[in-house]
Every structure is written in structure tokens, then in C-alpha cells.
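S.K.: Read in order, the letters of the sequence shown are residues 8 to 195 in my numbering.
Where is the CB? At the ideal position from N, CA and C, for every residue including glycine.
I'd like to ask some things about the structure below.
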Amino acid sequence: MSGWCRTPSPLVGEGRGGGGTPGCVPGGTPTPTLPHQGGGGRVHKHQVRVYWEDTDAGGIVYHSNYLNFAERARTEMVRTLGIRQSDLAAGGKGHAFAVRHMGVDFLKPARLDDLLEVETAVVEVGGASMELAQIISRLDDGAVLVRLQVRLAYISLADGKPARIPPGLKAPMQAPMQAKVNETNERL
């Protein structure tokens with residue numbers, strides 16, 4: 008399950024809601040929220056179940072698999088914004104977002120059969136890059152397991168060099184941030 012959510016989030020400095028994801032509206036109209044790290048944007052939530060293939064011999068999620076979970080969530084966030092990465096790539100001649108930098112804090116382990124939630128928020132959109140904040144938590148107890156700060160570069164697939172993010176691609180990512188600025192200004 009994946010979608011934009013209205014529930015409190017560790018990304019916005021509040022505790023988690025109860026079990027599950029009440030208020031999630033897959034494909035629905037989101038309520039913008041402001042991440043801790045600055046910038047602002049709505050929080051996208053994506054659920055992932057832990058399978059045997061994700062674990063080591065002890066039944067604990069192998070560390071690199073958290074990066075796979077985060078990648079899936081980023082892909083689903085972009086898809087929810089109406090952006091198809093296959094269209095961007097255009098048969099290898101187009102563009103793509105590539106991870107430029109990632110900071111990861113592994114806080115607690117996930118185990119076989121856990122249902123996890125990956126929350127993703129756009130922190131900043133620049134000329135040729137964007138920064139995201141992600142949190143992976145366990146749904147049954149709300150424990151925050153992993154925190155990620157991700158900087159993505161927008162690159163040309165033809166030569167691998169950075170490229171300017173086109174306005175038509177930038178706008179859907181900035182819209183949640185502008186909505187939050189407008190909402191804040193209305194309250195002042």
C-alpha cells in the first residue's frame with residue numbers, strides 16, 4: 008500500500024498514530040506537512056512486508072535491504088506525483104534521478120514478517136538535485152528503525168552529467184512545499 012497521508016509522522020516531529028495508517032489516501036488529495044529538516048512537503052507513506060529474502064540467517068533484515076525499501080518508496084512517491092520514471096528514461100536517452108549522497112542511521116532491527124512503513128518527504132528541490140528525508144518504522148509498535156537523508160541528482164542518461172530539472176517535473180515536487188508556505192502565511 009502506498010499513498011499520501013494525513014497522519015502525524017516522525018518526519019514532522021510528532022509521534023506516530025495508532026497501528027496501521029489511518030488517514031492514508033492512496034492517490035488522494037494530501038494534506039501538506041513540514042519535515043523537521045526544513046523545506047516542507049507532504050509525507051508519502053509506503054508499506055513493505057519483511058520476507059525471508061530480506062533477512063540474514065538470524066531472521067533480521069540485512070542492512071542493505073533497508074536501502075531497497077527506501078528506493079521502492081521513493082519510486083512510489085514519484086509515481087504518485089504522476090511522474091513515470093520509464094518516461095523520463097526514454098529508452099536510455101532521457102534522464103533519471105540518481106542517488107548522489109545518502110546518510111543512513113540504523114537504529115533498530117526489523118525481523119521476518121514485520122510490516123514496515125517507509126515515509127518520504129521532499130525537503131528541497133534545487134536546480135539539478137533534490138533532497139528527501141525518509142524514515143522506516145515498524146507498524147505494530149511504531150518503532151523508528153532507520154532514518155535516511157537522500158540527495159538525488161537529475162542526470163542525463165546519455166552522458167551521466169547533471170541536468171537542470173525541467174519546470175514540468177519540478178512543479179509537482181514543489182507544489183506541496185508552496186501549499187505549506189501558503190498555509191503558514193494564512194495563519195500569520
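On the three-pair Cβ rule with 8 Å, is the stretch 55-64 touching the stretch 111-119?
M.R.: yes
S.K.: For my contact list, residue 177 and residue 132 are in at a C-beta cut-off of 8 Å; report their separation, rounded to the angstrom.
M.R.: Residue 177 to residue 132, Cβ: 6 Å. Contact.
S.K.: Between the C-alpha atoms of residue 97 and residue 103, what's the straight-line distance to the nearest angstrom?
M.R.: 9 Å
S.K.: Can you tell me where the beta strand (DSSP E) holding residue 95 begins and where it ends?
M.R.: Premise fails: residue 95 lies in the alpha helix (DSSP H), 92-96, not in any beta strand (DSSP E).
S.K.: Any idea which residues DSSP pairs residue 141 with across the strands?
M.R.: 127 and 155
S.K.: Please look up how many angstroms separate the CB atoms of residue 140 and residue 156, rounded, as I've assumed it's under 8 Å.
M.R.: 6 Å
S.K.: Shorter than 7 Å, the distance from the beta carbon of residue 56 to the closest heavy atom of the ligand HEM, or not?
M.R.: The model on display carries no ligand, and the ligand HEM is accordingly not part of it.
S.K.: Quick check: the Cα distance between residue 172 and residue 161, rounded to an integer number of angstroms?
M.R.: 6 Å
S.K.: With C-beta atoms as the reference, is residue 163 less than 8 Å away from residue 152?
M.R.: no
S.K.: Using the three-state DSSP reduction, which class does residue 55 fall into: helix, strand or coil?
M.R.: strand
S.K.: In this structure, how does DSSP classify residue 116 when only helix, strand and coil are distinguished?
M.R.: Residue 116: coil per DSSP, three-state reduction.
S.K.: Look up residue 169 in the DSSP assignment and give the residues it is bridged to.
M.R.: 162
S.K.: In whole angstroms, give me the CA-to-CA distance for residue 111 and residue 154.
M.R.: 6 Å
S.K.: So residue 174 and residue 90 are in contact, right, with Cβ under 8 Å, and what is the actual spacing, rounded?
M.R.: About 13 Å; that fails the 8 Å criterion.
S.K.: For residue 159 and residue 109, what's the separation of their Cα atoms in angstroms?
M.R.: 9 Å
S.K.: Exposed or buried, residue 113, counting other C-beta atoms within 10 Å across all chains shown (16 or more means buried)?
M.R.: exposed
S.K.: Could you give the distance in angstroms between the alpha-carbon of residue 58 and the alpha-carbon of residue 87?
M.R.: 25 Å
S.K.: If contacts are defined as beta-carbon pairs under 8 Å, then residue 106 and residue 76 qualify, I think. What distance do you get, rounded to the angstrom?
M.R.: Not confirmed; about 14 Å, so no contact.
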